[in-house]
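Residue 23 in my numbering sits at position 23 of the sequence shown; the count goes up by one each step and never skips.
Glycine is no exception: its CB is placed at the ideal position from the N, C-alpha and C atoms.
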Amino acid sequence: MAEDEENLKNTTKNLLENGKKIGLTINEDKTKYMVITRNNSRSGHLDIDDYKFERVDNFKKLGVDINKEANSHNEINIRLAAANRCYFGLVPLFKSKFFHENQK
1 MAEDEENLKN TTKNLLENGK KIGLTINEDK TKYMVITRNN SRSGHLDIDD YKFERVDNFK
61 KLGVDINKEA NSHNEINIRL AAANRCYFGL VPLFKSKFFH ENQK
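Structure (structure tokens):
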């Protein structure tokens, strides 16, 4: 996390240097960054040393969809769609005559 791009570059450079000291490398294909802001500034990749990190507008972390506007509308819609899929997948079971009402 950083307040501006320069601070982000310094923090990432520090991570790269300290990781290299203990034998860790950063996979630039899997490492991405996201800017959460109200204005629509759009810069491309973040270049640090030999690394080029891609900027993304949204990503999924621990099952939660996070977007650049930091609103939860999309996440709510995703969860509602998942709940609807579960419910409508179970409707035939609810209507089945093989189960008594107390077993449902």
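What does the alpha-carbon distance come out to for the pair residue i and residue j?
i: isoleucine 76; j: proline 92; result: 26 Å
i: leucine 130; j: lysine 61; result: The structure shown does not extend to residue 130, since the chain is modelled only from 1 through 104, so no value can be given for it.
i: leucine 16; j: asparagine 74; result: 33 Å
i: phenylalanine 88; j: lysine 95; result: 11 Å
i: glycine 19; j: tyrosine 51; result: 14 Å
i: arginine 55; j: glycine 44; result: 6 Å
i: leucine 167; j: leucine 90; result: What the structure shows of the chain is the stretch from 1 to 104, and residue 167 is not part of that stretch, so it cannot be assessed.
i: leucine 46; j: phenylalanine 99; result: 59 Å
i: lysine 97; j: cysteine 86; result: 20 Å
i: lysine 21; j: alanine 82; result: 44 Å
Which residues share a DSSP beta bridge with residue i?
i: valine 64; result: Lys61
i: phenylalanine 53; result: Leu46
i: lysine 95; result: According to DSSP, lysine 95 bridges with nothing at all.
i: tyrosine 87; result: In the DSSP output, where bridge partners are listed per residue, tyrosine 87 has none listed.
i: lysine 121; result: Because residue 121 is not part of the residues shown, which for the chain are 1 to 104, the question remains open.
Using only alpha-carbon positions, find the residue among the options that is nearest to residue i.
i: asparagine 10; options: Asp49, Phe59, Gly23; result: Asp49
i: leucine 33; options: Leu8, Leu24, Asn18; result: Residue 33 is actually tyrosine in this sequence, not leucine. Per the Cα distances, Leu8.
i: glycine 63; options: Ile78, Arg55, Val56; result: Ile78
i: isoleucine 36; options: Asn58, Lys13, Ala82; result: Asn58
i: phenylalanine 53; options: Lys13, Lys21, Ile22; result: Lys13
Open item on the list: Would the region 24-31 count as touching the region 65-72 if we require 3 or more Cβ pairs under 8 Å?
Closed with: no
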